[in-house]
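For the sequence shown, our numbering begins at 2 and goes up steadily by one.
For each residue, glycine too, the CB sits at the ideal point set by N, CA and C.
Just so you know, these numbers come straight off a predicted model, no measurement behind them.
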Amino acid sequence: MRSKKKQMRQLPAIPQELIDRFVTGPMSAEAVHAASMAFKKALIERALGAEMSHHLLSTRGSQARASR
2 MRSKKKQMRQ LPAIPQELID RFVTGPMSAE AVHAASMAFK KALIERALGA
52 EMSHHLLSTR GSQARASR
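Next up, the structure:
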């Protein structure tokens with residue numbers, strides 16, 4: 002039995018200015034890998050930081066309501 006193929010999601014557009022910051026000239030495979038890993042790390046850290054801020058704010062709000 003074959004499984005249905007998942008449709009690929011459309012990737013978000015990346016501004017040209019951001020690409021220009023990462024790519025300053027010809028890049029080797031290792032340089033491309035290093036740049037993509039650095040970008041992925043920064044993206045994950047930003048997402049986790051936002052999630053943590055959201056979690057802490059909602060925790061404070063529920064504590065304030067409970068103390069009333």
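Local conformation of I1 per DSSP, three classes: Outside the shown range of the chain (2 to 69) lies residue 1, about which nothing can therefore be said.
Three-state secondary structure (DSSP) of R10: In this structure, DSSP gives R10 a state outside helix and strand, which the three-state scheme calls coil.
Three-state class that DSSP yields for G26 in the structure shown: G26 falls in the coil class under three-state DSSP.
CB contact flag (M28, A36, <9 Å): Contact: yes.
Heavy atom of the ligand GDP within 8 Å of M38 beta-carbon: As far as ligands go, the structure on display features none, and thus does not contain the ligand GDP.
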